[in-house]
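Have a look at the structure below before the remarks.
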Amino acid sequence: MNQLPVIPASEFQLRKGNIQKLMQAHSIDLLFFYGDDRAVFGANHTRWLTNYAAHFEPILTVVPRSGDIHSATGAESETFYENTAKIGSIHVVNEFNMPEEEYPYTKPISFKSFLDILLQEAGTSKARIGFVGESSFPHWLVELIKTFSFTEVSMNAFEIDYRYLRASKSEAEIAVLRYGFEIAEAGLNSGINALEIGVSEREVAAEIEYTMRKMGSEGSGIDTIVGFGKKSTYPILTRTTMNTLKVGDLALLTVAPRYEGYHGVIARPVSMGPAPKDIRFAIDAAIEASNASEAQLKVGAVGADISGAGLDVLRKAGLIDLCVYSGIHSIGTSEFEPPILTSVSDFVVPNNSFLSIDVPLFMASWGGFRVETGFQVSESGITRFSKTPPAYLEK
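Using my numbering, read the sequence shown as starting at 48 and increasing by one per residue.
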């Protein structure tokens, strides 16, 4: 296998510096990030900041206004962090250890001692603090932090700047994301090739994931979705079962491999035999809506205009009630990360942003599907990350 793209250690130093510049602009002394092993969003912030994705034990990563990043976790993750993170120091902290376990090989410190290290880095004894993505923090941890004499800063303005910082991808991120989309399309094609009458959803998912793993995928940002027939395609989300493919079924494939912490994503419906008139009409309308949103993509475009173009197509087709969520979003260290481009979004697309246009039509009398394709938006133009554009597919 040829050498594959990665995010170099030097980039994490740049990210830390950019975050600290934002902290200075917003008068924040300590910035708290939380990570755990929730499948979709758990590693979002810590993977981007340090390259660390928590597994088993959660992690609290803190950036001081100046100085080095420090993280708190449990005893079983100390060497895991040292093996995988590309920046920062790790500390085993009592509050993060598993209850009823004992760890004779480590000397954990108290949470207060951990914070004292950070206050020394920041050069203050009365810190102004902020939580990035506070809703993802466990209640006990937020309450623990708030027992100390800190001043909490409103994060609304900071979160907007942080969102723009992450939305504009670096050259290393672009290379990693491009390869992630290659993996996604290869996985999708393996899934389409595996669609034969009598095959199970899990067998098709296995073919998809086998292809992606061989290419370097470390897992999936969302579980691979393979659904056959009305029952499995009706809901927005479905897990693979031993349900088998039948003549006349609509098959839905949604693929989101994780590579170096980043994600590719692609989704297509496939009709087993000629699609009934109402399903074919819906697929064609979804493709038209995707194309309409794609036509709005450019640096400086406003989110509401991109979203609205696709929604207008669905309204004219009489399908707007089946469009059950806002499907246009950024892509990065979570498969869908802010900003979400809704009908009222004022987000202005920056250079080198990666967006997924997802047209979801679900909960119909015949089931449902999504048509999803990724794009890079740059000052030099638009790049679609599928060799072929969205199209009606039939086997």
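Heads up, the beta-carbon is just placed ideally off N, CA and C, and yes, glycines get one too.
Since we're looking at a predicted model, the values are computed, not measured.
Own chain, CB closer than 7 Å to residue 164, minus 5 neighbours either side, in chain order: For residue 164, where only same-chain residues beyond five positions count, the Cβ hits under 7 Å are 117.
Just checking my contact of residue 104 with residue 143 at CB under 8 Å: how many whole Å lie between their CB atoms? That pair is a contact at about 6 Å.
For residue 384, which residues does DSSP report across the bridge? The partner list for residue 384 (beta bridge, DSSP) reads 377.
Just list the residues that DSSP pairs residue 177 with in beta bridges. Bridge partners of residue 177: 78.
Length of the line joining the Cα atoms of residue 307 and residue 378: Each residue's alpha carbon lies about 13 Å from the other.
Flag this pair as yes or no: are the beta carbons of residue 176 and residue 161 separated by less than 8 Å? The answer is no: Cβ separation not under 8 Å.
Smallest Cα separation from residue 268: which of 295, 304, 284? Considering only alpha carbons, the answer is 304.
What does residue 441 pair with, by DSSP beta-bridge criteria? Per DSSP, 318.
Hey, quick one: how far does the beta strand (DSSP E) through residue 422 stretch, first residue to last? For residue 422, the uninterrupted beta strand (DSSP E) run begins and ends at 414-425, by DSSP.
Identify whether residue 54 lies in helix, strand or coil by the three-state DSSP scheme. Assigned with DSSP and collapsed to three states, residue 54 falls in coil, not helix or strand.
According to the Cβ coordinates, are residue 388 and residue 375 closer than 8 Å? Yes; because the gap between Cβ atoms is below 8 Å, this pair is in contact.
Using 8 Å as the cut-off, can you tell me whether the region 206-214 makes contact with the region 240-253, which would need three or more C-beta pairs spanning the two stretches below that distance? Short answer: they don't touch.
Nearest residue (CA-CA) to residue 204, options 74, 408, 49: For the residues 74, 408, 49, the minimum Cα distance to residue 204 belongs to 74.
For the region 272-285 and the region 327-336, state whether three or more C-beta atom pairs, one from each stretch, are separated by less than 8 Å. By the Cβ test, the region 272-285 is not in contact with the region 327-336, since fewer than three Cβ pairs between them sit closer than 8 Å.
Per-residue DSSP class, three states only, for residue 83: The three-state reading of DSSP puts residue 83 in coil, since its state is none of H, G, I, E or B.
Which residues mark the beginning and the end of the beta strand (DSSP E) in which residue 184 is found? Residue 184 -> no beta strand (DSSP E), and no H or E assigned at all.
Helix, strand or coil at residue 279 according to DSSP, with G and I counted as helix: Residue 279 falls in the helix class under three-state DSSP.
So, is residue 72 buried or exposed, given that buried needs 16 or more other C-beta atoms within 10 angstroms? Counting Cβ neighbours within 10 Å, residue 72 comes out exposed, since fewer than 16 surround it.
When you measure from the CB of residue 128 to every non-hydrogen atom of the ligand ADP, does any distance come out below 7 Å? Among the components modelled here there is no ligand, and therefore nothing to report on the ligand ADP.
By DSSP, does residue 273 sit in helix, in strand, or in coil? Reduced to three states, the DSSP call for residue 273 is strand.
With residue 251 as the anchor, note down where its alpha helix (DSSP H) starts and where it stops. Segment 248-262, the alpha helix (DSSP H) holding residue 251.
Give me the Cα-Cα distance between residue 319 and residue 244, rounded to the nearest whole angstrom. Their Cα atoms are separated by approximately 8 Å.
How big is the Cα-Cα spacing for residue 134 and residue 122? Whole-angstrom Cα-Cα distance: 19 Å.
Using alpha carbons as the reference points, say which of 310, 284, 76, 263 lies closest to residue 168. Comparing Cα positions, the closest option is 76.
Assign residue 340 to buried or exposed, taking buried as 16 or more other Cβ atoms, counted over all protein chains shown, within 10 Å of its Cβ. Around the beta carbon of residue 340, 16 or more other beta carbons lie within 10 angstroms, which makes this residue buried.
Do you know offhand how far residue 256's Cα is from residue 293's? Rounded to whole angstroms, residue 256 to residue 293 spans 22 Å at the Cα level.
Where residue 80 and residue 92 are concerned, what is the direct C-alpha to C-alpha distance, given to the nearest angstrom? Taken atom to atom, the span from the alpha-carbon of residue 80 to that of residue 92 is near 7 Å.
Counterpart residues of residue 305 in DSSP-defined beta bridges: Its beta-bridge partners are 266, 310.
Starting from residue 340, trace the beta strand (DSSP E) both ways and give me its first and last residue. The continuous stretches of beta strand (DSSP E) do not include residue 340, which lies in the alpha helix (DSSP H) extending over residues 324-342.
For residue 222, which residues from the same chain have a beta carbon less than 6 Å from its beta carbon, with the 5 sequence-adjacent residues on both sides left out? So the list reads 52, once near-sequence residues are dropped.
From 174, 194, 217, 150, residue whose alpha carbon lies closest to that of residue 61: With respect to the C-alpha of residue 61, the residue from 174, 194, 217, 150 having the closest C-alpha is 217.
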